[in-house]
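Asker: Can you read through this structure? Questions will come right after.
Residue numbers (my numbering): 10 to 304.
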């Protein structure tokens, strides 16, 4: 890595706060190592809820879109990353049976070719070697998360093709595409058992009882990034999204030192690669560092 051609990581997320709950410690680790890290936030989270009971007030709801932008700015500063909004409108999370139609003009309804265009432009301008995003399920079935997966895969494949998206910058082919694999059964079970062993009540008991093992994706993990020393930075960034997280809730129920000891990594699936990077890996830039140094 040189100052003229540094390592660059692009993390593609659906809403403000997603970057702080998925891969945040990884990003903080790489920032500390001198890597340029960019977060692409597809929507403004305009249709999100106020999930912190302490802030569930009319004045907060009235300003929620602007508040979420302000929260993103604080989290960005804590993580030390760069960040850009891609400009799409939150689709909301439809509920009911049958599910109601998605709102007109929302991110999830934008045609794929159009929806991927701002991301292709950002890839060509920022020139990341590595991109992280969600798997084909979106991590969980929010329409914006699934759409984020779709545009990330599309843009990864299109950004380096000079015949696609002419006028959106010089072609750039990223080297690797990863999916977040945060909520796996082995990780959740390990944290659950560690909490019980310490004599405390686990917040994961009901979750594990209802877990369908057939839907667990832990067998797809290829890459574990050791970043336990940055878990506190991750938590601080998440708490900066004050409307979206209850600091007394389940997310923070497992003591930090237990997490650091029991599961000190953030985990990923290598979904696409144009470099030689045998798995398993412990570095998102495996197979890339030598190429960057040679250039």
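Heads up, the beta-carbon is just placed ideally off N, CA and C, and yes, glycines get one too.
Hey, would you say residue 88 sits closer than 9 angstroms to residue 246, going by beta carbons?
Answerer: yes
Asker: Tell me the rounded alpha-carbon separation between residue 174 and residue 193.
Answerer: 36 angstroms
Asker: Would you call the CB atoms of residue 279 and residue 185 closer than 9 angstroms?
Answerer: yes
Asker: Could you give the first and the last residue of the continuous beta strand (DSSP E) run that contains residue 257?
Answerer: Unbroken run through residue 257: none, as it is neither H nor E.
Asker: Compute the Euclidean distance between the alpha carbons of residue 166 and residue 204, then round it to the nearest angstrom.
Answerer: Those two C-alpha atoms are separated by around 43 angstroms.
Asker: At 4 residues or longer, what runs of the alpha helix (DSSP H) sit wholly inside the region 165-214?
Answerer: 194-206
Asker: Looking at the structure shown, is residue 154 part of a helix, part of a strand, or coil, going by DSSP?
Answerer: Helix, per DSSP.
Asker: Counting only the same chain and skipping the five closest in sequence on each side, list residues whose C-beta sits under 6 angstroms from that of residue 237.
Answerer: 269 and 273
Asker: Are residue 277 and residue 224 close, meaning C-beta to C-beta below 9 angstroms?
Answerer: no
Asker: Closest by CA to residue 76, which one among 151, 32 and 253?
Answerer: 253
Asker: May I have the straight-line CA-CA distance separating residue 98 from residue 55, to the nearest angstrom?
Answerer: 7 angstroms
Asker: If you drop the 5 nearest sequence neighbours on each side, which residues of the same chain put their C-beta closer than 6 angstroms to that of residue 38?
Answerer: 236 and 239
Asker: Please return the same chain residues whose Cβ sits closer than 6 angstroms to the Cβ of residue 262, not counting the five positions on each side in sequence.
Answerer: 212
Asker: If you draw a straight line from the alpha carbon of residue 260 to that of residue 34, how long is it in whole angstroms?
Answerer: 15 angstroms
Asker: Buried or exposed: where does residue 57 fall if 16 or more other Cβ atoms within 10 Å of its Cβ makes it buried?
Answerer: buried
Asker: How many whole angstroms separate the CB atoms of residue 339 and residue 95, which I take to be in contact at a CB cut-off of 8 angstroms?
Answerer: Outside the shown range of the chain (10 to 304) lies residue 339, about which nothing can therefore be said.
Asker: Is residue 209 buried or exposed, if buried means 16 or more other CB atoms sit within 10 Å of its CB?
Answerer: exposed
Asker: Short check: CB of residue 140 to CB of residue 181, under 9 angstroms?
Answerer: no
Asker: Under 9 angstroms between the Cβ atoms of residue 189 and residue 149?
Answerer: The Cβ atoms of residue 189 and residue 149 do not sit closer than 9 angstroms to each other.
Asker: Measuring CB to CB, does residue 66 end up less than 9 angstroms from residue 249?
Answerer: no
Asker: DSSP beta-bridge partners for residue 277?
Answerer: 189 and 232
Asker: Do you know how far the Cα of residue 137 is from the Cα of residue 304?
Answerer: Confidence at residue 304 is low in this model, with a pLDDT of 46, below 50, so its placement is unreliable and the value that follows should be read with caution. Using only the alpha carbons, I get a separation of about 15 angstroms.
Asker: I'd like to know whether the C-beta atoms of residue 158 and residue 179 end up nearer to each other than 9 angstroms.
Answerer: no
Asker: Curious, which full-length beta strand (DSSP E) runs of at least 3 residues does the region 86-165 contain?
Answerer: 91-97 and 139-142
Asker: Could you give the DSSP three-state label for residue 284: helix, strand or coil?
Answerer: coil
Asker: Mind checking residue 288: buried by the 16 CB within 10 Å criterion, or exposed?
Answerer: Taking a 10 Å sphere around the C-beta of residue 288, we find fewer than 16 other C-beta atoms and assign the residue as exposed.
Asker: Could you have a look at residue 271 and say whether DSSP puts it in helix, strand or coil?
Answerer: helix
Asker: Please state if the CB of residue 183 and the CB of residue 293 are separated by a distance shorter than 9 angstroms.
Answerer: no
Asker: As a quick exercise: from 244, 197 and 23, pick the residue whose alpha carbon is nearest that of residue 221.
Answerer: 197
Asker: Nearest to residue 264 by alpha carbon, out of 113, 111 and 207?
Answerer: 207
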